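In mature numbering (1 follows the signal peptide of the UniProt record, and there is no 0), the protein residues as written are -17 to -1, 1 to 378.
Here it is as structure tokens:
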């Protein structure tokens, strides 16, 4: 995803340090006296079937140092497990039947997608023009549609979409529409590009944009994500750059699939459901969000349940304060809010038990890149199996 490998035979930190030095790696120790791994040790933790293991290991070490992530075996194996699950350590992996799936999406859902993004008034005519462009440009003999059928990787399809939308922004006259400004420059290309998760760790483009390095424009950022180092950088950042008090790594793997702190927040929903005898989706989202990940004004069932619980039990926290606290649900600071602390107190008082810090979120995974629908438990369990295999190699 063949050199000296001491982990399985070493019995003490001292001997381990000597062994690491013999392999040419740094014999550093973390704060808890566990070894800090060097690139050769990281290479040995990457599955042996992976090509260029040392190159991947060098990038992992460099990125962990850049992001100030301790190179413990737990952290390294967490990263390795996710990379292996998402891409088997291929920077720009081929996706089976990608071309056929892309063409089916265009044929079956084109107007729906454009209308969803641009509104019906603009979306329907633009979708029809898009379909015409697909069939006739850049030539009928080598149309974008025929090129789409042949794509093998996400980058192939991504670049093709960029070419199509670039053509549209240069040739489609939209002066008759009040929303014409939406088609200026790269806006329509980025708005309509269906390739949202990219690279060897399948990072969402919105996350990469929010944490972009090197002052890249959007197309260069997309290209960077398809490189070995770029895919790792944004994936490791997304996976590791937040503090959560999880007792097991499987919850971090669940978060990687369903959103930061979704495992913690699902535990909140489970407690609310029990205390209020309300049926709640344990999806890890305490608020409602639109497709741009902005908070909606409407109250979620979880927010309604919290307000109900506090009202019934004389907890003096206003609905306005609850909403303010819930807006921190994607942060560790949520655990210090009045709402979270009051819920912990209520749960202990009513059940005699401590509020669970995390449970497995119940989220269905679907998309054109998947052969069928899965759920977060399936994903997290698969990654966790890879993590445990890596940890066994590290002993």
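The beta carbon of each residue, even a glycine, is placed where N, CA and C say it ideally should be.
Quick caveat, the model's predicted, so the values are computed rather than measured.
Integer Cβ distance of residue i from residue j, believed to fall under 8 Å
i: residue 250; j: residue 127; result: Incorrect: roughly 47 Å between the Cβ atoms, too far for contact.
i: residue 76; j: residue 70; result: 5 Å
i: residue 288; j: residue 259; result: 5 Å
i: residue 237; j: residue 344; result: 6 Å
i: residue 174; j: residue 111; result: Between residue 111 and residue 174 the Cβ distance is about 17 Å, and since that is not below 8 Å, they are no contact.
i: residue 373; j: residue 63; result: 5 Å
i: residue 232; j: residue 27; result: Not really, about 20 Å apart at Cβ, beyond 8 Å.
Cα-Cα separation between residue i and residue j, rounded to whole angstroms
i: residue 61; j: residue 371; result: 9 Å
i: residue 247; j: residue 190; result: 20 Å
i: residue 383; j: residue 35; result: Residue 383 lies beyond the stretch modelled for the chain, which goes from -17 to 378, so this question has no answer here.
i: residue 303; j: residue 296; result: 18 Å
i: residue 151; j: residue 268; result: 37 Å
i: residue 133; j: residue 325; result: 56 Å
i: residue 202; j: residue 317; result: 35 Å
i: residue 377; j: residue 275; result: 41 Å
i: residue 333; j: residue 327; result: 10 Å
i: residue 205; j: residue 188; result: 8 Å
i: residue 66; j: residue 183; result: 6 Å
i: residue 357; j: residue 319; result: 33 Å
i: residue 208; j: residue 228; result: 29 Å
i: residue 85; j: residue 131; result: 7 Å
i: residue 279; j: residue 364; result: 32 Å
i: residue 291; j: residue 234; result: 28 Å
Option nearest residue i by Cα separation, candidates the options
i: residue 176; options: 147, 197, 154, 203; result: 147
i: residue 40; options: 22, 32, 316; result: 22
i: residue 218; options: 57, 88, 43; result: 43
i: residue 154; options: 140, 138, 120; result: 120
i: residue 346; options: 321, 139, 230, 239; result: 239
i: residue 56; options: 19, 38, 92; result: 19
i: residue 211; options: 366, 73, 359; result: 73
i: residue 185; options: 241, 91, 230; result: 241
i: residue 136; options: 180, 104, 231; result: 180
i: residue 309; options: 323, 291, 299; result: 323
Cut-off 8 Å between Cβ atoms - residues of its own chain near residue i, not counting five sequence neighbours on either side
i: residue 361; result: 348
i: residue 48; result: 54
i: residue 195; result: 204
Sequence-distant residues of its chain with Cβ nearer than 6 Å to residue i (five each side left out)
i: residue 243; result: 225, 313
i: residue 106; result: 97, 98
i: residue 256; result: 263
i: residue 144; result: 176
9 Å Cβ cutoff, residue i in contact with chain C
i: residue 18; result: This model lacks chain C altogether, as it is built from one protein chain only.
DSSP bridge partner residues for residue i (one or two, in chain order)
i: residue 180; result: 187
i: residue 348; result: 357
i: residue 278; result: 272
i: residue 259; result: In DSSP, residue 259 forms no bridge with anything.
Neighbourhood of residue i by C-beta, 7 Å cutoff - its chain only, sequence neighbours within 5 removed
i: residue 82; result: 131, 132, 133, 134
i: residue 305; result: 286, 289, 290, 322
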